[in-house]
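When we follow this note's numbering, the leftmost residue of the sequence shown carries the number 3, and every step to the right adds one.
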Amino acid sequence: MNGSELDSVEKLLDDSIVYINQRNPQKAGELLERVLEIRTKEFGEDALSVGLTFYYIGNVLRMEERFDEALEKLNRALAILMKESGENHAYIVNTYELLGRVFLQQGNYEKAEEMCRKVVDLQGGFHAQESNLMDLSQNLALSLQMQGKFSEAIKIQKVVLVKLLQIHGEDHPDVVLVYIAIAGLLKGQKRLDDAHQMLDKSIEICYRLQELGDDFDTVNLVRALRTKAGLLEEQGNMEGSTEMLHKVTMVQKESLGEMHPSTAEAYEKLAVAYAKREMQEDGINALNKALEFRQTVLGEDHPDTKKVVGFLIMLNREKIAKALRLQGLALNAKGDSAMAIRLFHEALDVYKEIYTAHPKMATVYESIATVKVEQGLLEDGIAASAEALKIRRKMQGDDDTDTKGRMEAHRSLLKRLLENRNEMRELR
């Protein structure tokens, strides 16, 4: 290869790296195919430089999610590199690691684990790792997690944690990431209290790093807070979950400003949490913040803007329906049961504009059932109770606590009706 051809290959490689950094793998791949053609012609199919080019092309194909083609190129790279340099060559290790990433993205977690373990063995275990410690350990732990091997994954993460603490001490972003990862694995084992402890540690470190102010990245804090919010919601602690999501929103607002997509997303997630707690007014306020960004930056006709508008309409209608039901309960307590029933039906009409079936509709039917029974209209009460039960069974399932409660109440009403009818027969 003469000087001009060498310069040409170097230029193609440099340009391909630029395109990769610009997230344009297709263009990078075109340049690398040209490099492969030149190198194969000049050095032959089994040359080390050809093997390296196959490696580069495999990585580009991985970025394009063309996994089968990526595997084919990487295996060709591996065969050439093994033949030319032996198993301990740096690019052999890199190729195994990249194969692991491809298998992980492809969903072949068993093969991903095999490749990751190969890299660990070749590099002398996690204790010898520093440069790619996080990437490799997280890929291996994820491959184990997706196979349900939570204990093994936790063991890997704890080994990595010890190594990170030795290198950086506790106040480091990588330590935070490992604590969050361990929390996720503990959650998979249903060890929720232990998971909370890991998350609390990660959040504590994030706040310390924030106080230090040295290159603090809020991404880890947001991830930890959101993970804790999800865990609290899973435990039925919606108040605690909402509190975490409110903290996320404040972090995003302070670090990125109001007019940022991540801040808008945080407001939207917070609004969902408020809606689940039937705090429609707070939800509407949060959504209006998100809508301001969507309308200003994306425009009125953007799908994301329309989605927020739709959610706002729903929350406003829920707010109206909730107010009607509460007003009906208040009137019934004052003895105006007829007006209470009317307001309950108006609430149902509002809910039917946004839902075909929803537990909130069941709640209104249950209120109707209660008032009808108090009025002495037992059969009307049973009909309303049946509607409530049908919705709860459909939306929440037979094993849900609310469904079981409604089943018991409905049986009690049916029993009462049967007793009344028996009494009537005896009187006759």
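Idealized CB from N, CA, C, for every residue including glycine.
When only Cα atoms are considered, Glu320 and Thr265 end up about 25 Å apart. If you check the CB distance, Val373 and Asn318 do not come in under 9 Å.
The C-beta separation of Phe69 from Gln107 comes to about 6 Å, placing the pair in contact by the 8 Å criterion. Measuring C-alpha to C-alpha distances from Thr97 to each of Gly60, Asn424, Asp351 identifies Gly60 as the nearest. Spatial neighbours of Ala342 in its own chain (CB-CB distance under 6 Å, excluding positions within 5 residues in sequence) are listed in chain order as Gly330, Leu333, Asn334, Val373. Ala349 places its beta carbon less than 9 Å from that of Ala323.
Leu194 is not a Cβ neighbour of Phe152, given a cutoff of 9 Å. Using a Cβ-Cβ distance cut-off of 8 Å, the region 269-283 and the region 238-257 are in contact, since at least three pairs of beta carbons, one from each stretch, lie closer than that value.
Three or more beta-carbon pairs drawn from the region 143-150 and the region 109-118 are found closer than 8 Å, and the two stretches are therefore classed as touching. The beta carbon of Ser51 lies closer than 8 Å to those of Arg41, Phe45 in the same chain, with the five residues before and after it left out. Look at Ala292 here: in three-state DSSP terms it is helix.
Across the structure, Lys113 and Leu138 are spaced so that their CA atoms are roughly 14 Å apart. Under the three-state reduction of DSSP, Tyr353 is assigned to helix. A straight line joining the alpha-carbon of Arg395 with that of Glu280 spans about 21 Å. Within the same chain, Ala364, Tyr367, Glu368, Ala371, Arg408 come within 7 Å of Ala390 by CB-CB distance, once the 5 residues on both sides are set aside. Judged by beta-carbon spacing, Ala268 lies within the 9 Å limit of Lys255, meaning their Cβ atoms are closer than that value. When DSSP states are grouped into helix, strand and coil, Asn110 belongs to the coil group. The beta carbons of Val224 and Val253 sit closer together than 9 Å.
In the DSSP assignment, Gln398 falls within the alpha helix (DSSP H) that extends over 380-398. Taking all protein chains in view, the Cβ of Lys249 is crowded by 16 or more other Cβ atoms within 10 Å, so the residue is classified as buried.
The continuous alpha helix (DSSP H) containing Ala226 extends over residues 220-236. In the DSSP assignment, Gly190 falls within the unbroken alpha helix (DSSP H) covering 175-190. In its chain, beyond the 5 residues on either side, Tyr367, Glu368, Ile370, Ala371, Lys374 have a beta carbon closer than 8 Å to the beta carbon of Ala386. Per DSSP, reduced to three states, the secondary structure at Gln125 is coil, with no helix or strand assignment. Boundaries of the alpha helix (DSSP H) harbouring Arg210: 194-214, taken from the DSSP string.
For Gln329, the secondary structure class from DSSP, reduced to helix, strand or coil, is helix. Nearest to Val310 by C-alpha distance, out of Leu328, Ala325, Leu289, Arg327, is Leu289. Looking only at Tyr357, Gly383, Leu379, the smallest Cα-Cα distance to Met397 is reached by Tyr357. Shown here for Met261: same chain residues with a beta carbon closer than 6 Å to its own, the five before and five after excluded, namely Phe295 in chain order. Ala79 and Gly53 have their C-alpha atoms some 4 Å from each other. Less than 9 Å separates the beta-carbon of Lys406 from that of Asp400. Distance from the CA of Gln377 to the CA of Asn422, rounded to the nearest whole angstrom, comes to 15 Å. Exclusion of the five residues before and after Leu419 leaves Leu380, Glu381, Ile384 as the residues of its chain whose Cβ lies within less than 8 Å of its Cβ. By the CB criterion at 9 Å, Lys165 and Leu201 fall outside the cutoff.
Its chain contains Leu14, Asp17, Ser18 as the residues whose beta carbon lies nearer than 6 Å to that of Leu33, once the 5 sequence neighbours on both sides are disregarded; these appear in chain order. A direct Cα-to-Cα measurement between His360 and Asp404 gives close to 13 Å.
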